[in-house]
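Numbering (our numbering), first residue to last: 200 to 428.
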């Protein structure tokens, strides 16, 4: 059985294969909703379900497991897949989640999804404020070199990818199955096809523990398949 507690300092890794997040490959999957970032051949696959307004997603992406996942992606042995939800708009009112998901899809079209995704969470408004307005999303896009253009700006302002937003939310809800028909919750992580149960979601916010888990899955993937958390 794999252990999931943080083990402290790990052995130093060689220089990363990718110099920065900017260099990571990214693409839209054949299902039309899953966004993949990182080497498609990477051994460890982390599928994340996130809502841009979710403060727990922000915690994961900024100070939890997210930075460690990106490091593994840069070293080419892990990749991330994203299903972007927007249910918080209906729950809290507003349209910020939908607007942010649309803008992220527009960034993918420009090959800038990974960078923009990182910027959005680093500058996430308060959940209750519904702060992802068109103006704010474009302001944040200025932080990603080469993202702003008439095409990108128009896609943000007109909700060009509204159909994607709807389909992505539907995929999120479907992922909850019969037990959670409204969706599995955000953030949720599925690693190499195995769901981290909700009662162990605390791992996502413990950077070292999450990094150790990814390392162990990479080193001994067969044990992860048989692990009961």
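Each residue gets a CB set at the ideal place from its N, CA and C atoms; glycine is no exception. From a predicted model like this one, the values you see are computed outputs, not experimental measurements.
Taken in chain order, the unbroken stretches of alpha helix (DSSP H) that lie wholly in the stretch 258 to 284 and span 4 residues or more are 265 to 273.
In this model, residue 253 and residue 286 are separated by some 10 Å (Cα to Cα). Here residue 311 has 343, 346 as same chain residues with Cβ atoms under 6 Å from its own Cβ, once five neighbours each way along the sequence are excluded.
Here DSSP, grouped into helix, strand and coil, assigns residue 225 to strand. Excluding residues up to 5 positions away in sequence, 242, 243, 271, 276, 277 lie with their Cβ nearer than 8 Å to the Cβ of residue 417 in the same chain. The continuous alpha helix (DSSP H) containing residue 371 extends over residues 361 to 374.
In this structure, residue 331 sits near residue 251, with a CB-CB distance shorter than 8 Å. Annotated three-state conformation of residue 236 is strand, per DSSP.
Contact check for residue 267 and residue 406: beta-carbon distance about 5 Å, within the 8 Å limit, so the pair qualifies. Rounded to the nearest whole angstrom, the CA to CA distance from residue 373 to residue 294 is 21 Å. Relative to the Cα of residue 238, the nearest Cα in the group 231, 248, 280 belongs to 280.
Per the coordinates, the alpha-carbon of residue 256 lies some 6 Å from the alpha-carbon of residue 385. For residue 416, the enclosing alpha helix (DSSP H) starts and ends at 406 to 418. A residue is called buried when at least 16 other Cβ atoms come within 10 angstroms of its Cβ; residue 357 does not meet this threshold and is exposed. The Cβ atoms of residue 223 and residue 232 do not sit closer than 8 Å to each other. The three-state reading of DSSP puts residue 344 in coil, since its state is none of H, G, I, E or B.
In the three-state reduction of the DSSP assignment, residue 388 falls in the strand class, which pools E and B. Less than 8 Å divides the Cβ of residue 259 from the Cβ of residue 403. Residue 296 counts as buried, since at least 16 other C-beta atoms from the protein chains shown sit within 10 angstroms of its C-beta. Across the set 381, 420, 377, 301, the C-alpha of 420 shows the shortest separation from the C-alpha of residue 393.
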